[in-house]
Structures are given as C-alpha cells and as structure tokens.
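Protein chains in written order, with my numbering: chain A, 1 to 102; chain B, 103 to 283; chain C, 284 to 771; chain D, 772 to 1386. Below: the structure, in structure tokens.
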Amino acid sequence: MSLLEPWMMLVVSMVIFGIGLLGLLIRKNLLVMLMCVELMLNGVNLSFVAFSKIHHSLDGHLAVLFVMTVAAAESAVGLGLVIALFRTLRTVDSDQIQILRD
Amino acid sequence: MIDYPLLAFSAFSTIAILGSLMVIFKKNPVASAFALVAVFFSFAGLYALMSAHLVAALQILVYTGAIMVLFVFVIMLLNQDRPVEDFKSSSGIFKLLSGIAVSGFVFALVKVALLARSLTPRGDMTEEKISELGGNVKAIAESLFSDHVLQFEITSFLILAAIVATIALAKRKAHSGRGHS
Amino acid sequence: MEISDSLSFFLTLPLFGMVLSLLIPRGVQRIYAIFASLLFLALTVYEASGILFAGSSELAARLSVEHQLLWLPQLGSRLSLKLDSVSAWFVVLNALTAVIAFSTKGAWYRKNPKLFTSLGFFLLFGLNAAFLSLDLVVFYLAYESVFIPMIFMVGVWGERQKATAVFRFFLMSFLGSILMLVSLFFLLSKQVKSGAGVSSHLSDLVALSSGLEGAEAKLVFLGFFLAFAIKVPLVPFHSWLKDVYNLAPFPATIWMSAILSKLGVYGVIRFVEPLFPQVLGFFQGGLLFLAAVSVIYAALLAYRANHPKELLAYSSISHLGFVMLGVFTLKAQGISSAILLSVGHTLVSALLFFLLSKVEEKKEGLDLLSVHGLSRRYPVLFVALFVAVLASVSLPGTLNFAGEFLVLLNAYPVSAFCTILAGFGAVLGAAYMLKFYQQMGFGTPSSGTSEQVTRGDDLGGFELVLVFVLILFVFYFGFQTSVFLKGN
Amino acid sequence: MMITLLVLLPLLGFFLNGFYHFSAQARKTEPSVVVAGVIGTIALFAAFALAVVAWLSLGKSGAWDVGIEERLFSWMKLGTLHVEFGYRLDRLSGIFTLVITGVGSLIHLYSIGYMENKGSARYFAYLNLFCFMMLNLVLGSSLPLVFLGWEGVGLASYLLIGFWSGEMANIMAAQKAFLMNRVGDLGLLFAMFIAFKFAGTLDLADLSSYSFKPEVATAFGLLIFLACTGKSAQIPLFTWLPDAMAGPTPVSALIHAATMVTSGIYLLARLNPVMGQSPTVLFVIAAVGAGTALMSAITACFQSDIKKVLAYSTISQLGFMFVACGVGSPETGVFHVMTHAFFKALLFLGAGSVIHALSGTQDIFKMGGLRSSLPLTFWTFTAGWAAILGLPPFSGFFSKDGILHESLVAAHGSRVIFAVLAFTAFLTAFYMTRLYILVFFGQSRLSEGVRKHVHESPIVMTLPLLFLGLAALAGGWFGAPVRFESGHHGGVGEVSPYLIMVISVFIAAAGAFLGYRKYFRSNHSEKTRDPFRVDEIYTVVFGRGTEMVASFCSRFIEEGVFQRILQFSGAAVDLGGNLFKTVQTGSAQGYLLMMVLAVVALVCGLIFGVHGYGN
C-alpha cells in the first residue's frame, strides 16, 4: 500500500487556493487576477476529488465537471470584459478601473 | 520498495505549488500564463493519482487546451504598451496584511484538511464497485445522465449565456471602437 | 398545505389585484383600480357583516373566525388570521380607504400608473395582513411591508424635497420597528429558554409576558409601544409626519392619515394591551397625559399652519390623541369608544384629504395665505368640504362626535385633568378648522380665479356619489352607534 | 309621533330648500325667494300648529312634570351609559316650542319680504335648520340630545351670521360667535361627564331629581352655567352677540333675540332642582346676570348702530332672566323669555323694516323723522318700545316686574340685586327712548340718495310686525298662569308687588323722560363707544394669546426641538455614513482583503474554542 493519503491532496489543494487568493489580493493586472481565480478554482476542484476519494463517492467528480464548465464560461466572459475594458480605458490595472465608483 | 504514488505526488505537488507562486509573482503575464500551464498539468497528474481519470483528461482538455489558449490569445491581443504598476502600487501594509490574512486562512484550511483524516467513508463507490460498473468514466456518465441530468442541462444554458455575453461584448467593442477613434 | 379558508381571500385578492394591475393598460388604470377596490370593499363588507352587525358581543365572538397555517417553524410563526369585532372594522376601513385613495386624480395616473395601482393593492394586502394576523412575526412583517409602498409613493410622486421627507419617515418608522423587533425577539428567546416550544402566536406570548417582571417587562413594553406611538403618532414622536404628509401625493396622504395611523392604534389595542396589562397600568397616567398633550399641542400647531395639508396633518395627530386617550383608559368601554372614533376619523380625514385633492386638481394653489373665495367657484365641493369640516370638529350627530364624546366620558373618571386638557382641543379644533375652511372658501378670490362658476368643474358623477355616501355614513353611524358598541 | 313630526318638519324644510338651492344652481338660475320662503314658512307654521295641539293635549293641570314623551331609538349604549334618542314635551319645553315655532314662522314670513332672490333658498334652509336644532335643544329628553341642539344652533347661527360671505368681517363675526359658543359648550360637555360619573345618567328627568353631593352640585352647576353664558351671551362670553348683528336682520330677531340666546335660561330652568342644591351656583348666576344686565345697558347707551343697541339690550334683558334663575325663580325668567321674544323680535323686525326702507343704513344718527313715512313700522315699534320699557299694560311690564319683585323677595333675592336691576331698568328706558326718538322723531338726517327711496315695507313684512305688536301688547296678560308657584319666600321678606309696580313704572318713565330731553331736539351725532372695552381685551388676551402660544409651539418647540432632533438624527446618520464611507475605497482588493480577514476570523472562531455555541 502506498503511503499516499487523500488528506495530503487536501493540503495541497488548500495551499494552491491560498496562493491564488494571495495573488488576487496583491496583483493589479486583471489578466493575472483572472489566472489567480483559475488557480483557486483548481484548488477547490482538487479538494472535491480528494473528498470524493475519502467518501467513496463520485459526486465530487460531477461537481468538478460543473465547476470546469462554469470556469470556462467565466474565463470567456471575464476575458471578454477585460478586452472591452482595455479598449475603452487602455489599461488592465484594476485600480485604474473605477468608473462605477462615483 | 519505492512508493511510486507518493513520489509522483511529491513531484506533482511541488510543481503545482512552485508554479502557482510563479503565477502570482512573475511580472510578465506571459510568464504567469506559462507557469499556470505547468500547474494545470501537474493537477492532471494529481487527479490521475486519485484514479479520477475522466477529471484528469478534462483538466488537460478544458484548462490547458481551452482556457489557457484563451488567456494567451488575450495577452497577445492586448499587447500592453505600458506594464501595470503591479507590486509597487499596493502599500506595504496592505501586502503585509494580505500575507498574514492568507497565511491565517491557509493555516485554518489545513487544520480542516487534517480533520479529514478521521472521516469515514459514507458512499459505496469503492474501487471495486467502480470497476464492476465498467470504470470511472462510465460510472460518472451513468450518474450524470440520470441523477444530475437537470444540472447538466442547466449548464448548457450557462454556456449559451456565456457565448451570447461574449459575442455581445465583442460587438459593442466594434461599435465603441469606431466611435472612440 | 392549502388555504381553503374564507379569510385567505383578504390576502390573496389584493395580491391578485396587484398582478392584474400590471396587465391592465395604462389608460384604464384608474377605472380598474376603483372598480376592483369597490368590488373588494363589497366582498369585505359581505364577509365581515356578520360580525359587524351582530346584535351582541357574544354573537360577534361566535362569528369570529381564526385560521392557522404554519409557515416559519423555526420562529414558531403561523399564518394565523383572525376576524373579530376589532379587526373587522379595520379591514373594512382599509378597503374603503383604498377606494377613496384610488378615486383621486393626479400625477400618479399620468406618470407610471401601473406602479401606482399595484403599490396600492400591495398596501391593501399588507394592511389586511397586519390587521388580521394574530401572529406577531407575521404582524411585524406586514407592518413593515406597508412601509415599502408608502416610500415608493412619496418618492415617485411626491413634491419638492421629498427625499428629506422620505428619509425622515424612514428614520423614525425604522427606529420604531427595530425596537419592536428587538422586543419581539427578546420574547421569543425567552420562550426558547423557558423550554417550551417556540410560538409567536399572541396567546402564547401573552402567557409568557405575564411572567416578565420589573424593568424587563417595561423595556419590552417600550419597544412595542414606541413603534406604535411613532406610527400613530403621539406627540413627542410626531416630527416625521409634517413633511411626509405635506410632500406625499394625495392618495398616500389619504392612506397614511386614514388607515396607517390606525395601524398604531390597532397595534396598541390588539397586542400591547393583552401583552402588558400591568405595565400599561403602571404608565397609565403618563400615557393619558401624552394623549391629551397630543390633542392640544397638535391643535396649536394646526392653528399656525399655513398649508392645508399641513393643517390637516396636525389635525390628524390631534384627533388621534383623542383616540389614544380612549385606548389608554384601559377599559373595555374606553377602547370601544376609541374604535368608534377611529372609524369616524378614518372616514372624515379620508374625505377631507380627498376633497382637498379635488381642489388641487382644479389647479388652484393650496396656500391658505393666498387662496381665497373658492366656495363660489365650486359650490358643491365646498358644501361637502364644510360638512367634512363639521364632522371633523365633531359636531353632535356625526360619528366623530359620538366617538369623541364617549372617549371623553370614559376618560373622565380615569383622569379628569387629562380629559379637561383634551377637551380644550375641541375648541382649538373648531378654531383651526374654521380658519382652514374660511380662508379657502371665502373672501376675495385670488388673482386668476374668475368669479364665474363653471359647471363641470365642480364635484360630479362618481366622486359626488362617493362623497355623498361617505357623508351619509358619518351621519348614519353618528346616530346608530350601537353597531359599534354592542354589548360593552 | 306628533312631537317627532314637529321636530322633523323644519328638517324637511331644510332639505327641501337645500335641494331647491342646488337644483336652481344646476339650472344656473337664482332660486325664487317666494318659493323658498313658502317652503320654509309652511314647514315652521305646520310645526307651530302641531306645537299648539301638543300644548293643548298637556291639559290644564299646569303641573310642571306632566309631559309627552316619545322615544325613537337608542343613540349611545355603552357600559352603564344608555342614551335614548327621544323627545319630551312638558310645560317648560312647551313654552319654548311655542315661541320658537310661533315667532319663528312669523320671522320666516317676514324674511320673504326682506331677502332678495339671491341665495334665498340657502337662507331659508339655514333658518329651518336652526329651528330644527333649536327644537332638539328644548325637546331633547337627555343631555346629549340637548347638546346636539346646543351645538346645532351654534352651527346655524354661524351659517346665518356669515350668510353674506362676500365680506370677511361677517365671516369673522360668525367665527367669533361659533368659537365663543364652543368654549361655553365645553362647560356643558364637562357637566355631562360629571353628571355621568356621579349620577350615572344623562337623562334630564332623572338628572333633575338626583341629589348630588354639595361640591359636585357646585361644579356641575357652574359648568352648566358656563355653557349658558356662552349661548346666552352673559359675562364672560358675551362679546360675540353684538358682532353677530352682521347677519341678516330677521336672523338677529329670531336667533339673537327671541330663541337661541334664551336657551341658557331653558337649561337653567330645566336643571333648576340641581342648581338649587348649591347656593354658590345660584349666587354666581344672579351676580353675573345682574352684572351683565347693568354693563350691557351702559354700553347700549353709547351705540349708534340700531342693531347694536338692540343687541346690547338683548344681553341686558337676558341678564334679567338669569337673575330670575339665580334668585330661585326660573318661572319668572321663562315668562320674561316669552314676552321678550315677542317684543325683541318685534323691535328687531321693526329695525329691519327701517333698514330695508333706508337701503341698508343702520346708523341712528343718520335717521330721524321716519314716523310719517313708515307709519306701520312706527306704531308697531312703539308697542315694542313700550313693552321693553315695562309700561302697563304691555307684556314687558308683567314679566320685568315679576323679575324685579322676585329679585327682592325670592329665596335668594337681595336688595343689592334689586337695586342693580332697577338702575338697569332706568338705563333701558333711557337708551330705548334715545333709539326710538332718534329714529322716528325730529328732523330727517337722511342723505339725499336714501331719502328718495324711503318706502313702507311690503305686506309680508308688516303682517308679522302687526302680529308681534299684538303679542307684545297682550303677551303678558296670560302670564299669570305661567307664574306657577311663587311659594318659597326668603330674601327680604314680603314686599307688595304693587309697590314694585309703581317703582318700576316710575323708573321707566324717568329714564324715558331723560332720553326724550336729551335727544328730542339734539342733532349732533355721537360716536359708538364701548365703555368697557371687553371685546378689545378679549381680542388681545385670547386672540393674540392663542396666536402667541401657537406660534411659540410651532416656532420654538416644534421647529426648535422636535424638527431639530430629527435634523440632528439625520445628520448623525449622515456622519455615520461618512465615517464608514472611508472604508469604501472603491478598491476591489481592499474589499477582498476585508472579506478574507472576516472569513479567517470566523473559521478560527469555529475551529478554536467557540465550539458548541448555540447548543
């Protein structure tokens, strides 16, 4: 038997999630921020699969499928927005994009 | 005897963590994007280790194949003339706070993860049952198209909406672009 | 769970009316609203008539119906509706007020009429829910929901600085509601601690609140009381009212003065009285004084007011002071008289505001200092206005007189001082109402109003019938008070 | 149902005339004064006929407590309170009913000639409304019903004083009357509360036989008396009556001379047994009555408006009646009510005839020498003059004498009151003669324009004058049976009524002679003065006072405290909002950080230590 246990996967998934979150916090580039969101989603996916393994159930896998679909849709729309914003504002800096603030 | 799964896990997880760190710390978004590709691949490996073959395959197809290509396209499309004032613009205290917050967060999450050690299985989908059903892919497909068919159908609406939204964004761009210049 | 009870139509029909109003074309919204609310009034009267015109209180009690439906088990809240001799009147008045408010004409039927009618029906729904519910959580929700259409009406069709008015209205009402909510949750949490099952039904809470003592009971009481005192309003809590009445469109003013204020009265009668009899007894002297001060103070302010809406707003406070005086006698007779008077006040204040809206509709200004001599231009309108003024100063023979007389008669043995103080409000009432009528009706017409009486300008058709029927009610019930006072 | 019918007839007239008014308006025509007047007059006259029948059915026993009672329905029934809506006609209310319907129908008739077409249906509707309310007042079997009439006549009086609403002064006079009455009405209202609290009933018959505790009786009596001062224009609430002359003259005759102002006497007479329980109350009534009589008689001597003189004279005569009630002999007071109704209505209608002839002139110094041009008016006015002076055998002689006599000999009579009344009688003779002479004798001081149009009034106006003249002459003769039981003698002991008669006739003659000497040849005009300036003081104290209190309330308390609190609370919310606004930087990452921090705190809280919260 391997010493590999699902909880180790969980730890990795959470570390990745934390890194994604940190990136989301400190980066200003909208593109990178979107990538960070992908990172976080992946982290969650990993924990889904790991829990699936722990629980002897396939529901986690299904959830991952749905998350992937949503992620694809999200990145498509998100990137579309980024392009639109860049076209009008000539920047992808999240701090510069404040037209809704006032 | 070499514990190959553990070895593979160590390799994949190290790549994943290092890759993600590169994603967030590389100044150039192109570098970030390529680091992200590495992360996605290693994730596929991790899935495979847990015998989630379908997910592993989809990971490569959807993330690496579709999403990453999209990212790279956009990066090239934008072709930023001036770099984003990335790390400089946030104040030190903000970064410090972020670091503390995120490490606290991860710490708490890991604590939760360790709690998972004591969890007992609740389902009946053991390895044997899955192979009896005809493999991972078949088992998932059975479940997806029977119990979760409604959710499945709804995702199609989501994707449709995303397509419409993206097209709408693209079209508006053309208009405003003309008006703008 | 299905609602098959006869009471549920009080809630479902207004909602249905609201939905329907969104489907009706803009042009016929007014006709639709009047017709639908008349129909609803007829149904309401039909449903309530057994209780309203029961010869005795025993019969009325037997005819009262209660209907229960568990809907929020976590809070122990049931949709528990009860139609008895207290709520029956308010439900009927609610439907009647809707008819009157819908009958006004003005910007609300030009600018976004669908929104207006649907808000009106929503108000009808919310008020009915509040008047029928015996469950405090449901009552609270209904009580709050009434606030939404009011805000919208003032916000969308109000005049000038409506934002400030809405803000103040919101601030005060919200303060009151929050206090009530805190008190309610305190009671519920007490219930949880005591180990009994959670239930926000009035009877269960009564059993609980009788166990409260000392400062605890007083604080919980104050939470409820302040909410209602602001709604009525009693004098130190009245400051929101002037601006809101002034700037609100007429239907909103009609709703507020005719029926929303009664929500406070009803709340005290239905909930505060049974929940905190001892505390009320403890504070009785002060409460009576507050009511009497409301009468006098608001009357003085009305005397100074230069805008008819403001004047009528203060007069409303003044009359509600009488109502509260009756309620605070804490005797069955006093409360019966208070209900009688509040019915009278609803009819008369709705009538007054309705007639005033007719004056405004004629594009006459509404400033007592500059508008004069209108009675010659609109003789019928001003005859009706005069009768309404008389009823408002509680001339004997009107319903308001019977109410005011009985309230004071029953308050006198409890507190002679407060009764006398309030009695002087009657003189002041006559003073400001006459001033109001005379300034508008008599004197030299201001520039721009010709001497010629043009027919058709005046009250006519459906409006005339409505006003006439209202006046008939005021006088008929002024003599047939036994309808209200059975058995007590 | 005779009495109910009798009460409802004027109401029917009111509705018919009201309907007539509006239908005429709808057809854009003016209602005809004849039609409206005939409706009104017939309604009243029918009521009078019924009243006579009812009176006759009382029988000749002459007992006070015989009455016809008709209960209609239960008005208010709450707890132990039970107010029946019902009417009761006995001797006392019978006399009043006869006067109201009798004099009332004559005045309605007179009005047909006096009023123009314009608004006449409205006028007769109001007049009928007044009669209806007045009948409620005197026939109501319980205090709330009396109160209905009490306020109702106030309303009708308001409408009629302000009938010519084109001028704001008339409206203000009407308002003043209504408000002062309303103050008095409070007295009746509170008296009812006291009565219900202590006696448990508001029925007049039960109430008059109830014996209160002395202090309660005093409070009750004083409150009732306050109400009476309002309605009957006594000190302190009398200043509205002179102003009320702004209304049409027949109105002044009916409401402000013959009927409404005497309702105070009715109530005092009705509740006499209760009033008698407190000597204090009786003393106050007598003192106020005598004071009012004297004061207004003095004021009347300085008036130049013909109607104002008569108004002050009315107040003065009402003072006489109050004295009668106060000394414990209300029946003489009621007798005087009746005779006074005749001669004062006559005087007012005569004055109206004069005013009508002179196209609206009311200043007596601009009249003179009208004897020849208005013969009928002159002779009937003479009858009224003689009656108010108390010259035998005119009606006023019997009733006024009765009061003078009673003020000396009745249970609570005294010399002081007698002296005051005697002096007042002297003044009355003086100012009435002054008026009489200035109007009808001497040289004509009419302006040219007016002189051309002087004419005797039409028959509908002179006919009532003749009837009333007859009544003023003979109305006192059957007064003897009205002076039922003058048994209780106290005061200053036996004084021969004949002596009083001689004294009073002498006084009247002296006053008349003085007036004749002073004014017969005099040509200079006098300015109207109010020697007591009560009205001005009231205006300052109560008018301005209320105004000031109200503006204090609205400026300082409302704007200064309540509205400011609201503003402050608004500002506080603003401040709080601004405070939290600094957190809302608009930087998405800032929000995210906050979110993360909060989640960390929550998760840490869940993991470490705070387990089991809520269980």
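Cβ atoms here follow ideal geometry from the backbone N, Cα and C, with glycine treated the same way.
- CA-to-CA, the gap between S248 (chain B) and A158 (chain B) works out to about 22 Å.
- A residue is called buried once 16 or more other Cβ atoms fall within 10 Å of its Cβ, and R361 (chain C) is buried on that count.
- Check the Cα spacing between F508 (chain C) and each of C:S483, C:V610, C:A674: the tightest is with C:V610.
- Non-local C-beta neighbours of L41 (chain A) in its own chain, meaning closer than 7 Å and more than five positions away in sequence, comprise V67, A71, ordered along the chain.
- Here DSSP, grouped into helix, strand and coil, assigns H1176 (chain D) to helix.
- At least one C-beta of chain B is nearer than 7 Å to the C-beta of V1371 (chain D).
- S675 (chain C) has its alpha-carbon roughly 45 Å from the corresponding atom of K473 (chain C).
- Below the 9 Å Cβ cutoff, chain B contributes A210, K213, V214, L217 as neighbours of I1378 (chain D), in chain order.
- Secondary structure within the stretch 909–997 of chain D: not one fully enclosed beta strand (DSSP E) run of 3 or more consecutive residues is present.
- In the pairwise beta carbon analysis, the stretch 1007–1027 of chain D is classified as touching the stretch 1069–1080 of chain D: at least three pairs are separated by under 8 Å.
- Using a 10 angstroms sphere on the CB of P1302 (chain D), the tally of other CB atoms stays under 16, which defines it as exposed.
- Shown here, G838 (chain D) sits in a strand according to DSSP, grouped into three states.
- T868 (chain D) has its alpha-carbon roughly 17 Å from the corresponding atom of A927 (chain D).
- Taken atom to atom, the span from the alpha-carbon of I1036 (chain D) to that of V1055 (chain D) is near 14 Å.
- Nearest in C-alpha terms to A63 (chain A), of all of A:L79, A:V44, A:V77, A:I54, is A:V44.
- Distances from the alpha-carbon of L495 (chain C) to those of C:S477, C:S620, C:A512, C:S482 put C:S477 closest.
- In the pairwise beta carbon analysis, the stretch 1142–1153 of chain D is classified as not touching the stretch 1048–1066 of chain D: fewer than three pairs are separated by under 8 Å.
- Taking CB atoms only, G201 (chain B) has no neighbour in chain D less than 7 Å away.
- Chain-ordered, the chain D residues with CB closer than 7 Å to the CB of I703 (chain C) read F961.
- Straight-line spacing of the CA atoms in A110 (chain B) and P6 (chain A) works out to 14 Å.
- Look at L89 (chain A): its C-beta is not under 7 Å from any C-beta on chain D.
- With respect to chain A, the C-beta atom of Q946 (chain D) has no partner C-beta closer than 7 Å.
- Straight across, the Cα-Cα distance linking A1196 (chain D) with A1190 (chain D) is about 10 Å.
- V1370 (chain D): member of the alpha helix (DSSP H) spanning 1359–1378, first to last residue.
- Annotation for A633 (chain C): T380, I383, I537, A541 place their beta carbon closer than 6 Å to its own, counting only its chain and skipping 5 residues before and after.
- In this structure G1247 (chain D) is buried. Its beta-carbon is surrounded by 16 or more other beta-carbon atoms within 10 angstroms.
- P679 (chain C) carries a strand assignment under DSSP once its states are collapsed to helix, strand and coil.
- For Q96 (chain A), the CB contacts under 8 Å within the same chain, skipping 5 residues up- and downstream, are L89 in chain order.
- Excluding residues up to 5 positions away in sequence, I932, N941, A944 lie with their Cβ nearer than 6 Å to the Cβ of A1017 (chain D) in the same chain.
- In the assembly as shown, Q1005 (chain D) is a buried residue. Its beta-carbon has 16 or more other beta-carbons within 10 Å.
- Counting only residues of its own chain and dropping the five nearest sequence neighbours on each side, V125 (chain B) has a CB closer than 6 Å to the CB of S134, A137, L138.
- Residues of chain D with a Cβ closer than 8 Å to the Cβ of G194 (chain B) do not exist; the shortest Cβ-Cβ separation is about 14 Å.
- Contact between G20 (chain A) and S122 (chain B) is confirmed by a C-beta separation of about 7 Å, below the 8 Å threshold.
- In this structure L419 (chain C) touches L488 (chain C) by the C-beta definition: roughly 6 Å separates them, less than 8 Å.
- In the structure shown, the three-state DSSP call for E1307 (chain D) is helix.
- V578 (chain C) places its beta carbon less than 7 Å from that of G604 (chain C).
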